[in-house]
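This report refers to the structure that appears directly beneath it.
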Amino acid sequence: MSNSWYEKTALEIRDAVRAKKVSALEVTDSCLKRIEEVDGKLLAFIDVWADAARKQAQAVDAKIAAGKDPGPLAGVPIGVKDVLCTKEGTTTCCSKILKGYRSPFDATVIERLAEAGAVFPGKLNMDEFAMGSSTENSSIQRTRNPWNLDCVPGGSSGGSAAAVAGHECAVALGSDTGGSIRQPAACCGCVGIKPTYGRVSRYGLVAFASSLDQIGPFTKDVTDCALVMNTIFGRDPKDSTSADIPVPDFTKALTPAVKGLRLGLPKEYYTDALGAEMRDKIQAAIKVLESLGAEIVEVSLPHTDYAIATYYIICTAEASANLARFDGVRYGYRAPGVANVDEMYRKTKSEAYGHEVRRRIMLGTYVLSSGYYDAYYLKAQKVRSLIRRDFMDAFKQCDVIVTPTSPTPAFKIGEKTADPLEMYLSDIYTISVNLAGIPGLSMPCGLTASGLPAGLQIMAKPFDEETLLRVAYTYEQKRGFEMGMPAALRG
Amino acid sequence: MKYEAVIGMEVHVELNTQSKVFCGCSTKFDAPANTNVCPICLGMPGVLPVINKRAVELSVAVGIALNCTISRWSKMDRKNYFYPDLAKNYQISQYDLPLCANGCLEIQVNGSTKRIGITRAHLEEDTARNTHTIGGGDSGVDFNRCGVPLLEIVTEPDIRSAEEAYAYLTSLKQILRYLDVSDCNMEEGSLRAEANISIRPVGSKEFGSKTEVKNVASFSGVQKAIDFEIARQQQVIEGGGQVVQETRGWDADKGITFSQRAKESAHDYRYFPEPDLVPLVVDEAWEAQIAATLPELPRARKARFVSQYQLSEYDSGVLTAERPMADYYETTVQCGVPAKPAANWIMGDLQALLTEHKLEIGACKVTPENLASMIALIEDGTISGKIAKDLLPELFATGKSAKALVEEKGLVQISDTSELEAVAREIIASNPGPVADFRGGKEKALGFLVGQMMKATKGKANPQMANDIIRKELAKTE
Amino acid sequence: MAKITKADVEYVAGLAQLTLDEATKERLVGEMGDILGYMDKLNELDTTGIEPTMHVLEMTNVFREDEVTPSLPRDAALMNAPKTDGEYFLVPRILDTE
Ligand SMILES: [Mg+2]
Ligand SMILES: [Zn+2]
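Chains as they are written, first to last, in this note's numbering: chain E, 145 to 635; chain H, 530 to 1007; chain A, 98 to 195.
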């Protein structure tokens, strides 16, 4: 047992560490050893901070020895998506343009987790600047799906999902702009939440699309998810968009009780686009909840069909401005041998960005440019209001909305890279949640015949993560199966 | 053909806050390069702006002073362009919903009043400073200034001459200084003025192509540049050419404007709402609260000086030109001395001393109370005006009280009749020539004799009494 | 209708300060054309009278007080710069006078 601390949940680890059944250092060593063993296959970590992690663990142990409170996440190893600023190591967003960049500060979430006793084993792979749905756009490496090494882990937080599913760390942080936590969580069979916009400080999150981005955790189960939310949620004076709303103790929401709760099923999500096998999995999950007394309500989100177009206009527009700062002046890559400032910008950006990033910058620049702003950007912001209104209307009839996370399970590496539009369409079920700013969680609801996880998505009203967790927890308790060790890592 | 000029002004002023507009870095002007910088104003990855409340309040104060409508609801926007002085390669500014709009400023030109429309005043962030003296084929960038709050004040094209532009700038600066929202120091770049200039045939309603004259270091430079530009455009048009819409610089040494760069088909700045900041709401209560902090503005104060203190238009104008001077004057008068002598002393001897020592009134060691007590000593006859003239430089240098100095130096005026009669008799005895002249009807000779009395008493004789007494003595001994 | 021409791609690349080789330009003509064509879907919707979303949260007036907080030491500010002289960030000489 003592050799497999890496398999434990965050709750188990912190309870054992606080009770001095194990030291934080032992847990960290177990986790580092696991990374050494399996990351050659998964390629989830882009940087492992063995020395720093051990020091952090020792500090937790020292606190305990001194009789001080080591925090609610004492000794829990938490992997960090490379989109978050950390003083330790580098912060690169897996882009060549930020190769070697050292942040002078820690993101607010990192500060809060460190304060809570967490240990950071290293940085995780992602699509360059979080742009992608497969982690294939990383300039560093291609992360594998722990359930099938030929498949993608989803994206853009593919490294985070694979690391948690592969038991390399108990928890990982990701960011979700259009599904980048939920979709890889679904692909890899773990729990991932995109909190209500404004719940988690974005300070230290390298911005992709500021009005859509949120940070959230990947965990092995719903309880751990609540545990991490307790620490990272809450107002931060450094983020003007962080909401000044009290943070409850989310673990108190973890009661298996859904009787009388209304589950909304949006008819626009249950169409032919949803594969038959996925549909069966979702329906089975809904049956479980229904059998426990939940009420099923059909709802309508009439503007669903417009979500992807809306999303890609807004996110590329914001990204085109957010990424303008990577210019080779103050940090990051600068193309060699440039004669003047314009050449410096052009060569630097052209040499250092991958094609997906270039394409999105081009699209975003186009939709904001003179003559097109009204037709694209302004129009999309209006449709966004309609999409948000759809959700507010639907929530008059239900307490949560239950849908698949993605139309298909993880696809093969290379399968969709040729057609960007096809890749964009795979975000169909996750994108609206970001546009509306509401919370959404994905959790496993079984394996397909080919042995790949299927994801169940639960959405709730703004700031009502408690109801969302209650439904998720109930399902998890009653679903009647364990995800267990992913196939590709067994034996 | 007669032409008229159509001129609009854009003025950028740095607001007097302690910290920058979106981060806590100091706004201090002369810090060593790149020491007032942090991840936020350097545009490092992962940072977010949080707006400085004071910067909003100062902007609104200016808006109120310029008779603008204050937007109940406004927002910040991103203005996108690439330049090494812009840390994020976008400037956080305001596009379609500025904090202040539709105001006006009245200016005086050639004795008449003219109203210049203020289109808008919006809040934005200043840029970094580029240095071209680094050598080695490089330019250096110093981000200390990047993120200092900047208010951009834009007029309607209501200005018709260089003189009006000058009057506008002077009035605007006066108001901004009254509000204490900015140092308005053109040399340090805390005030920058650009003029948009076009000309058209008199009577025409259409606008000609305009040029934008930038980087002028003084108001008089702006005036000269506009005059030059009007003449140049007229020459171009009369020569059958067309004015090219462009940005032009001002060469102060040569006294000419020169082409800087063609406006690349009016830059495509791709403005969009800043998603990292939430909307600004200035409700009536907040606006009223800010309005209540506004001082009396220069025009109103000048008018009040004329009516309340019976000063001339000219004197009132001089005394109210700068708020600290006007405050100094009023404090002096409130100490109980008459208005006119107080004005004369401040505008005359005191101002001369300030000019000589290159000091602002705020740094003057003579407090208004002390100046008032000196004037009171003259009024009650304790010292003569002549003595006061000698005394003031000492007060100015030492900051000592007038009373103490007068006592210390024994400068108390001689108002003792018998003492002065004795002196008068002596002067009459030793100046037979002028005495004879006076008696022969030359009134002027009296002045000489009084002067001799003053000299003999080292200026301490009460001049009026000296005059009366010598006249009496002359009559007696006839 | 060709939604996007090569000239459009070149204009936008200029605004975004990107240099693209011929093959990439061609590729983007196709890709951007497809994606923007898909986005035109939004024109099916009548959005008259609909306010654009500025913020999903209905928040206003989030401020900081005017207080100076410590800046970065200069070494830390310049630490990541591709080129400095220890005081300034260095860039290729800016010829255009502002
Ligand atoms: Mg401006
Ligand atoms: Zn700063």
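Using N, Cα and C, we set each Cβ at its ideal position, and we do this for glycine too. Note that the coordinates shown come from a computational prediction; the quantities given were computed from them, not determined experimentally.
At a C-beta separation below 7 angstroms, T509 of chain E has these neighbours in chain A: V109, L112, A113.
The Cβ atoms of I505 of chain E and L115 of chain A lie closer than 8 angstroms to each other. When C-beta distances to chain H are compared with 9 angstroms, every residue of the stretch 601-627 of chain E stays at or above that value. Taking the Cβ of G750 of chain H as the reference point, every heavy atom of ligand 2 lies at 7 angstroms or farther away. Interface criterion not met: the Cβ of F834 of chain H is under 8 angstroms from no Cβ in chain E.
Relative to ligand 1, even the nearest heavy atom lies 7 angstroms or more away from the CB of H796 of chain H. Unbroken beta strand (DSSP E) stretches of 3 residues or longer found wholly inside the stretch 872-919 of chain H: none. Interface criterion not met: the Cβ of V638 of chain H is under 8 angstroms from no Cβ in chain E.
The Cβ neighbour count for G553 of chain H, taken over all protein chains shown within 10 Å, is at least 16; the residue is labelled buried. At least one heavy atom of ligand 1 falls within 7 angstroms of the beta-carbon of E653 of chain H. Neighbours of S548 of chain H across chain A, judged by C-beta separation under 9 angstroms: R161, E162, D163, E164, V165, T166. Distances from the alpha-carbon of C675 of chain H to those of H:R649, H:K582, H:L577, H:I569 put H:I569 closest. Per DSSP, the unbroken alpha helix (DSSP H) holding Y857 of chain H starts and ends at 852-863. According to DSSP, residue pairing for C629 of chain H in a beta bridge involves H:I599, H:A650.
The beta-carbon of L530 of chain E is placed no less than 8 angstroms from the nearest beta-carbon of chain H. Taking 7 angstroms as the cut-off, the C-beta of S719 of chain H does not count as close to any heavy atom of ligand 1. Environment of ligand 2, chain-ordered: H:C552, H:C554, H:C567, H:I569, H:C570, taking every residue with Cβ within less than 5 angstroms of a heavy atom. Bridge partners of N545 of chain H according to DSSP: none are assigned. Residue E:L268 holds the alpha-carbon nearest to the alpha-carbon of I190 of chain E among E:D534, E:G508, E:Q327, E:L268. For P548 of chain E, no Cβ of chain H is located within less than 8 angstroms of the residue's own Cβ. Taking a C-beta distance under 8 angstroms as the contact criterion, G323 of chain E and T574 of chain E qualify as a contact pair.
In this structure, the straight-line span from the alpha carbon of R326 of chain E to that of L257 of chain E is close to 21 angstroms. Taken through DSSP and simplified to helix, strand or coil, I147 of chain A comes out as coil. Contact annotation for A120 of chain A against chain E: no contact, minimum CB-CB distance about 11 angstroms [criterion: below 7 angstroms].
Within its own chain, the residues whose Cβ lies closer than 8 angstroms to the Cβ of L628 of chain H, once the five positions on either side in sequence are excluded, are V585, S588, V589, G592, I599, S600, S603, A650, H651, L652, L809, V811, listed in chain order. For A397 of chain E, there are no C-beta contacts with chain H under 9 angstroms, since the nearest C-beta of that chain is about 28 angstroms from it.
Taking C-beta separations shorter than 7 angstroms and ignoring five residues to either side along the sequence, the partners of R198 of chain E in its chain run L169, T172, following chain order. For L349 of chain E, the pairing in a beta bridge is given by DSSP as E:L228.
Taking a Cβ-Cβ threshold of 8 angstroms, none of the residues of chain H is close to M129 of chain A; the smallest such distance is about 16 angstroms. The residues N618, in chain order, have a CB closer than 6 angstroms to that of F611 of chain H in the same chain once the five nearest residues on each side in sequence are set aside. For a cut-off of 8 angstroms, the C-beta gap from M270 of chain E to K338 of chain E is around 15 angstroms, too long to register as a contact. Secondary structure at M603 of chain E: strand, using DSSP grouped into helix, strand and coil.
Contact residues of the stretch 335-364 of chain E toward chain H are S345, R346, Y347, G348, L349, V350, A351, A353, S354, S355, L356 (C-beta to C-beta distance below 9 angstroms). If you check the CB distance, Q763 of chain H and K739 of chain H do not come in under 8 angstroms. In this chain, the beta strand (DSSP E) harbouring S586 of chain E covers 584-591. Between the alpha carbons of T552 of chain E and V253 of chain E lies a gap of roughly 32 angstroms.
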